[in-house]
Amino acid sequence: CSTAEFRCKSSQCISNILRCDGNQDCLDHSDEEGCPVAWPPQCPSGEVRCRRSGECVSADWLCDHDVDCEDGTDEKVDCGPQKLLCGSGQWPCGSGERCVPDAWRCDGQRDCGDGSDEAGCNTRCPSPSQNGGVQIAHPCCGRGVGGLGADCESRKSSSPGPPQKCLSSEFQCGSRACLDLRLVCDGKEHCSDGSDEGGQCARSACSQARCSHACHPSPRGPVCACEQGFELESGGHACRDVDECQRPGGQPCSQTCVNTDGSYSCTCHPGYSLEPDGHTCKATGTEPILLVAIQFRLLLYGLRSLKEDILATMDKNVMISSIDYDLVEQKVFWTDLREESIKWISMDTKKKGTVVKGMKILSVEGTVIDFAVDWLSGNIYWIDSENPHINVASSEGQCPTVLFSENLYRPASVVLHPPSAVMCFADLGSQQDGERGSSIECASMDGSGRKVLWQKSQVPEGLTFSDSGTRVYWADT
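For the sequence shown, UniProt numbering assigns the number 1 to the initial residue and increments by one for each residue that follows.
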């Protein structure tokens, strides 16, 4: 071990900072033996100690709706009224019940139970039109009777100009104000000019309106409206289901969204459970681990306990460039730049092995060769940047096959989504002026169905899939 490290009795090397910090970082716990201060020591400033499990967590994590202590006590303290914490790109409902995407704010559809996402909005859809004597609510607006909220009271416009456009759940007064449809033809004048009464209000025409959900009388004739989760079809009579899972601005679920008639439901992948908000999935079971490669070492960081473990330490001449993980076999794979090979180590037994030898590992303007592991089949996909090729072989390195060789210039990154059998890779294009720029291409993992997903004069690196496999993320350097 170096002078900045402590050697465990199990021969691990850990940072001196982790010695006697109250957390057992050595596999044999020897880093907490013979400490001058009785355990548990005081937590660092800004952290609190979990009541029973004893680890230190950030004070900001108390009552944040996420269990961070192993014993769960960070969410069992007297939290009092809990403030809803929304992520970037989200908006909190006034009732504190949930977070909705920013794009859903003032979109004419009530997503918060209290209607606060549509309160105080100035956005309006086109004015209602007529079809066969039936007033048609514009289909791009709210979802009818279920979408009437606190913001549907009469709104008067004092500014000159064209009439303001009301929501589909509203009636436009002659004074240009917008009025809740439920207040129209109720025997009381709510519009300043009285235009919400009279006309065809006395005629009970809803029975002939052929509205599939709800019908509201108005001085101009009956108006069809839809229940929550539905929208009017172009004919203005029938209501159709709104697919919330395909709405602009992103789906409401963090993982899998299932559209239902008039609503939707969220489900989670194996290893995750649905949070009480009904939209967010959180990892269950053992503590999530972050796998990190630093020069010649493979490190494991506990994302809750912040513990650090050394999985493997190589020769100091080794330079690890890429890593991946086989969750079925519990193996960590990495590329060895010095030996031009892909190697692995078992998380359980610490046994090591080599899968692929003789790779052409080159640096392409800072982008190092990449590989990916299919944890369902065990196959290894890697980039030979000298040829250039994208290859595949079995987990034992047998049956190596060139998957792609044509129309490749400088392939630099490859990523897999085994559940959907889809792969994507980045190609930095030709270095010659006027030649093809960078691109991201995707195909089936057997090499079929290759297509260009994205193409620009940028440098995409570090591809990764979303959990659902429906999105690809990358860094632009």
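Ideal Cβ placement from N, Cα and C applies to all residues, glycine included.
Counting along the chain, Val-318 sits inside no beta strand (DSSP E), nor does DSSP assign it H or E at all.
Apart from the 5 residues on each side of it in sequence, Arg-51 sits with its Cβ closer than 7 angstroms to the Cβ of Asp-71, Thr-73 in its chain, given in chain order. Going by DSSP, Thr-313 is part of the beta strand (DSSP E) stretching over 308-313.
If you check the CB distance, Leu-298 and Val-332 come in under 8 angstroms. Pairwise C-beta distances place the stretch 188-196 out of contact with the stretch 204-213, as fewer than three of them are shorter than 8 angstroms. Counting along the chain, Pro-411 sits inside the beta strand (DSSP E) bounded by residues 411-417. In the structure shown, Ile-440 falls within a strand segment according to DSSP collapsed to helix, strand and coil. Straight-line spacing of the CA atoms in Gly-236 and Cys-224 works out to 7 angstroms. With contacts defined by Cβ atoms closer than 8 angstroms, Val-392 and Phe-465 do not form a contacting pair. Ala-283 and Trp-91 have their C-alpha atoms spaced approximately 23 angstroms apart. When secondary structure is reduced to three states using DSSP, Leu-327 falls in the coil class, being assigned neither helix nor strand. Taken through DSSP and simplified to helix, strand or coil, Leu-181 comes out as helix. Residue pairing by DSSP leaves Asn-407 without any beta bridge partner. It is roughly 14 angstroms from the alpha-carbon of Asn-379 to the alpha-carbon of Asp-370. For Cys-69, the closest C-alpha among the options Lys-9, Leu-306, Asp-326, Ser-273 is that of Leu-306. The straight-line gap separating the alpha-carbon atoms of Tyr-272 and Ser-265 is approximately 15 angstroms. For Thr-267, the uninterrupted beta strand (DSSP E) run begins and ends at 263-267, by DSSP. The C-alpha of Leu-62 is placed about 9 angstroms away from the C-alpha of Val-48. Per DSSP, Gln-90 is one residue of the beta strand (DSSP E) stretching across 90-92.
In terms of CA proximity to Val-258, His-279 leads the group Cys-226, Glu-275, His-279. For Trp-454, the three-state secondary structure derived from DSSP is strand.
Distances from the CA of Ile-440 to each of Ala-421, Glu-461, Gly-449 were compared; the closest alpha carbon is that of Glu-461.
Proximity to Cys-173 across Pro-219, Asp-186, Cys-13, Ser-212 peaks at Pro-219, based on C-alpha coordinates. The Cβ atoms of Leu-428 and Cys-442 lie no closer than 8 angstroms to each other. Met-319 and Arg-338 have their C-alpha atoms spaced approximately 7 angstroms apart. Secondary structure at Cys-239: strand, using DSSP grouped into helix, strand and coil.
With contacts defined as CB atoms closer than 8 angstroms, Glu-308 and Leu-18 qualify as a contacting pair.
Out of Ile-294, Leu-303, Pro-276, the CA that lies nearest to the CA of Leu-311 is found in Ile-294. For Thr-335 and Leu-27, the gap between their C-alpha atoms comes out near 26 angstroms. Residue state for Ala-4 is assigned as coil, using DSSP reduced to three classes. Secondary structure of Ile-17 (DSSP, three-state): helix. If you compare the alpha carbons of Ser-394, Ser-448, Ser-438 with that of Ala-412, the shortest gap goes to Ser-438. The beta carbon of Ser-175 sits closer than 7 angstroms to those of Lys-156, Cys-191, Ser-192, Asp-193, all from its chain and outside the five residues before and after it, given in chain order. In this model, Pro-418 and Val-459 are separated by some 25 angstroms (Cα to Cα).
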